[in-house]
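*Asks:* Each step along the sequence shown adds one to the number in my numbering, with nothing skipped, and position 27 is 33.
Glycine included, C-beta positions come from ideal geometry on N, C-alpha and C.
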Amino acid sequence: METKKIQLKNFNDRIYTVETYTIKSDRPPLDKKRPLMVVIPGGSFTHLSARESEPIAMAYMARGYNACIVNYNLLQDEGQIYPDAGLDVLSTIKYYRDHAAEYQIDPRRIVTIGFSAGGHIATGANYMADEAKYQEKYGYQGDEVRPNATILGYPLTDVHKVAFELGSQAESALPKDEKLIDTSLGVTEKTPATFIFQSWNDPIVLPTNTMAYESALYANHVQCEAHMFDIGLHGYSLATPELATEDNSWQGSRHTAKWLELSLEWLAHRFSGKNFDKNLKELAAKYEPEGYGKDADEEDY
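(1) Buried or exposed, going by whether 16 or more other CB atoms sit within 10 Å of the CB of residue 143?
(2) CB residue 155 to CB residue 95, shorter than 8 Å?
(3) Quick check on DSSP: helix, strand or coil for residue 43?
(4) If you compare alpha carbons, which of 276, 189, 150, 194 is closest to residue 311?
(5) Taking just the CA atoms, how far does residue 241 sit from residue 57?
(6) Between the alpha carbons of residue 99 and residue 119, how many angstroms are there, rounded?
(7) For residue 276, which residues in the same chain have their Cβ closer than 7 Å to its Cβ, ignoring the five residues on either side in sequence?
(8) Say whether the segment 231-247 touches the segment 134-152, bearing in mind that this needs 3 or more beta-carbon pairs closer than 8 Å, one atom from each stretch.
(9) Can you tell me which of 194, 207, 208, 202 puts its alpha carbon nearest to the alpha carbon of residue 226?
(10) Can you name the residues that DSSP bridges to residue 73?
(11) Where residue 152 and residue 244 are concerned, what is the direct C-alpha to C-alpha distance, given to the nearest angstrom?
(12) Pick out whichever of 187, 135, 128, 25 has its Cα sitting closest to the Cα of residue 160.
(13) Which same chain residues, not among the five before or five after residue 90, have their C-beta less than 7 Å away from its C-beta?
(14) Do you know how far the Cα of residue 102 is from the Cα of residue 72?
(15) List in chain order: all unbroken alpha helix (DSSP H) runs of 4+ residues lying wholly within the segment 187-236.
(16) Using a threshold of 8 Å, state whether the C-beta atoms of residue 51 and residue 123 are closer than that.
(17) Round the Cβ separation of residue 22 and residue 9 to the nearest angstrom and send it over; I've been treating them as touching at under 8 Å.
(18) Residues in the same chain with beta-carbon distance under 6 Å from residue 301, minus the five sequence neighbours each way, listed in chain order, please.
Here you go:
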């Protein structure tokens, strides 16, 4: 395995760091092009959670992925969280697509995984990838920067759906774009297929974040798999005992830890070559109730 830190410049000319983890072998692997997991840790926009960084990268590397960790823009950094944090993610994806041969990755199998606040960055980046005003301003195309799939762990998608009041610093840093405040509003049919997991008893990021985002995916015919575990609270990362801390023993849950295997199974059939997205609209047209995917106030019931 080879690890290194690289400095990249995002589409807004901000310098940021990416930690890259590449599987190296004396013998060529059966699949010479590995998928890439782009890790976006949480941390309340003030820091990057160590528990949601390298342990996540290593867990997916053990299953045949190369990985990288994006050190995205935070509250205390120069500039604002948005657009820079979203641009950090999009610039990272383009970098690895452009250097796919060097890192032995498949540019068609790039996955973002965001936890908590990192989930907001991941979903915000997905919106920005195909939003014309950002494309025109920063000079990229959706196909260059859009991930092929996204995983969200107890994600914040609406900054107002938290169980506490935002501080003045956070309030002042909120973006003007309402679709970067509530990223479910930015979901379109181009949004990547998404795997979501959260716990019903999450006391920090309300489960209504996940529910609203799922509904937006459903309304836009975007494939989604979602798991709402009954226990786990918040910030449990892999939910293994090794990552539980002394004052937070609940962070280890054998049941909740199954999210990792479930995500790997989901990705396996996402990337199996059986492109069921191709026929998704045809199936929807055949089986969906009238009005599926439209706002309720546009329909007569």
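*Replies:* The structure says:
(1) exposed
(2) no
(3) strand
(4) What is shown of the chain runs 7 to 307, which leaves residue 311 out entirely.
(5) 8 Å
(6) 12 Å
(7) 155, 199
(8) no
(9) 194
(10) 27, 43
(11) 25 Å
(12) 128
(13) 16, 18, 20, 79
(14) 11 Å
(15) 214-225
(16) yes
(17) At roughly 17 Å, the Cβ-Cβ gap does not stay under 8 Å, so residue 22 and residue 9 are not in contact.
(18) Bear in mind that a pLDDT of 41 at residue 301, under 50, signals an unreliable position, so the model cannot answer this.
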